[in-house]
Structures are given as structure tokens and as C-alpha cells.
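333 is the number of the first residue of the sequence shown in the numbering used here; add one for each residue after it.
Input: a single structure, listed below in C-alpha cells.
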Amino acid sequence: MKRSLVIGVCLSLAAGAVYAATKETKRLENCGDVMQEVLNIPDNLPRQVLDKAECVIVFPSVLKLAFGMGKEYGRGAMVCRTGKEFNGPWGAPAMYALEGDSIGMQIGGEATDLILLVMNQRGAASILSSRIKLGGDASAAAGPVGRDASANTDLWMRAEILSYSRSRGLFAGISLEGSTLRQDKKANERIYGRKITARTILLGNKVAVPSAARHFVGVLQANAPRNESKQVAAKQ
């Protein structure tokens with residue numbers, strides 16, 4: 333009887349672990365799909381902005397929770413260019429979580445995809461160091477779309493993080509000031525099979541890209557292979 337109970341508990345725990353890992357795998361696949369679909373939208377994320385990004389964070393299907401204090405909770409993945417100067421190819425993803433009260437006021441009850449571009453090393457360092465509040469620990473702004481990129485160059489070049497949303501096929505900049513961004517340690521452990529920090533994943537250059545993330549990383553590599561901010565700096 334006791335042996336059967338122990339076996340049942342072990343099987344239940346194993347099934348739970350497999351389910352959790354499968355959820356993270358699907359989330360990585362969704363990140364790639366969202367990025368590809370956004371880049372296919374006319375007047376979408378300006379290529380000159382993406383070309384200058386150090387890192388990209390995608391949160392697929394963020395929904396406003398209908399209980400508690402109405403906080404929003406999104407889970408997704410962050411990918412950075414490799415190398416000390418963020419001038420190498422895109423590397424392995426680290427899982428991240430986004431929490432806040434202001435998101436739902438803007439997205440309502442719709443499932444909304446969020447994309448954050450980290451535009452400089454200071455922004456990347458802030459995200460990798462600890463839990464940060466957007467607009468407080470790191471400057472954040474709604475990102476430009478389409479032709480707005482040229483008109484608002486000074487605005488988006490000063491921001492450390494630019495944020496975008498997509499809902500019902502519509503793509504636009506969105507303000508996420510006041511939201512909290514943190515690494516999802518348990519999700520990273522499930523993806524990589526061991527305890528590992530986001531810093532090690534993103535800056536170590538020794539972590540292989542999981543198969544579920546190859547589409548996500550491949551889309552970024554195909555559309556923004558070089559860090560153009562580094563190219564500009566090198567010419568100056």
C-alpha cells in the first residue's frame with residue numbers, strides 16, 4: 333500500500349515536471365512566432381530600431397488577471413546579441429516575467445503580445461542585475477512604429493527600453509512604466525535542466541540555443557544580424 337502510494341507520488345511529480353517543461357518549450361516557440369508575425373506587419377517595428385537593439389524580450393499572449401488586485405503577469409524570453417560589446421550573433425534565451433498594474437489598463441481583456449527592445453548596455457545591465465521597475469530603474473518609452481522612427485529619433489535613442497504591443501493584428505508602441513521585470517528562475521531551470529542565472533545564459537556565450545528557441549533566434553539573426561549602433565560608433 334505504502335509502496336504504491338510512493339510510486340504514485342513519484343509518477344505525479346514526474347508528470348508535473350514534464351508538463352512544466354513542455355509549457356516553457358511552447359512559450360519559446362510562441363516567442364519566435366510572435367517575432368516573425370510582427371516583422372511581417374506593414375508599418376511595423378522599424379528595422380533601424382531593431383538593428384540597434386542589444387536585446388529583445390517577447391511576452392506572448394499577456395492577459396489581465398481577473399482576480400486579486402488586477403495585476404498582469406506575462407511570461408516570455410529574452411535574447412541578447414553575444415559578445416562583451418553585444419556585437420556578435422544572437423544567443424540563447426533566458427526566461428523572464430513581467431508584472432504590473434498598468435498593463436491591463438491599456439490592453440483590456442484581450443490576449444496581447446508584448447515586445448521590449450533593450451537599446452543600450454546600461455539597460456541590459458539593469459535587467460541582468462536584478463528585478464527592475466520600468467521607468468524607474470531603467471528608462472522606458474513606447475517604441476516608434478513605421479515612419480515615426482525618423483520623426484522621434486531623439487526620444488527613442490534616449491530610452492534604455494522601448495516597448496510595443498500587438499493585439500488583434502494591430503501593432504503599436506505601449507508604455508509599460510511602473511511594470512516590474514524579473515528573471516524567471518524556475519523556468520530557466522526547466523529549460524536548461526539545471527539552476528542557471530540569466531546572466532550566465534545571456535552573457536556567458538557557452539550555453540547552446542535550445543531547439544525550441546531556434547526559430548526565435550533565427551528570426552532575429554535573419555532580420556537584424558549586425559548591431560548597427562556598434563557600426564555607427566566604430567565609424568565615429
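Heads up, the beta-carbon is just placed ideally off N, CA and C, and yes, glycines get one too.
So what's residue i in DSSP terms, helix, strand or just coil?
i    : result
S561 : helix
L508 : coil
D639 : A query on residue 639 cannot be resolved here, the shown segment of the chain reaching from 333 to 568 and no further.
G432 : strand
G408 : strand
S543 : helix
R522 : helix
Y351 : Caution is warranted here: a pLDDT of 43 is assigned to Y351, below 50, making its placement in the model unreliable, and no coordinate value can be reported.
A426 : strand
V370 : helix
N555 : helix
V549 : helix
Between which two residues does the alpha helix (DSSP H) carrying residue i extend?
i    : result
L377 : Where L377 is concerned, there is no enclosing alpha helix (DSSP H), given that its DSSP letter is neither H nor E.
I459 : Q453 to S461
I533 : A530 to L535
Over what stretch of residues does the beta strand (DSSP E) that includes residue i continue unbroken?
i    : result
L513 : T512 to Q515
S471 : Counting along the chain, S471 falls outside any beta strand (DSSP E), and DSSP gives it neither H nor E.
R413 : No beta strand (DSSP E) contains R413, which DSSP labels as neither H nor E.
R498 : I493 to S499
P392 : C387 to V394
Quick one: is residue i buried, meaning 16 or more other Cβ sit within 10 Å of its Cβ, or exposed?
i    : result
L448 : buried
T354 : exposed
L502 : exposed
M489 : exposed
R454 : exposed
G432 : buried
G406 : buried
N559 : buried
S324 : Lying before the first or after the last residue shown, residue 324 is absent from the chain, which here runs from 333 to 568.
K384 : buried
S543 : exposed
D375 : exposed
My assumption, with CB atoms under 8 Å, is that residue i sits in contact with residue j. Please give the rounded CB distance.
i    : j    : result
P378 : D445 : In fact, because the Cβ distance is near 17 Å, the residues do not count as touching under 8 Å.
R463 : G408 : At roughly 15 Å, the Cβ-Cβ gap does not stay under 8 Å, so R463 and G408 are not in contact.
L552 : V388 : 6 Å
E361 : A519 : Going by Cβ atoms, the distance from E361 to A519 rounds to 14 Å, so no, they are not a contact pair.
C363 : F548 : 5 Å
So who's on the other strand from residue i, going by DSSP bridges?
i    : result
L502 : S499
V450 : C387 and I493
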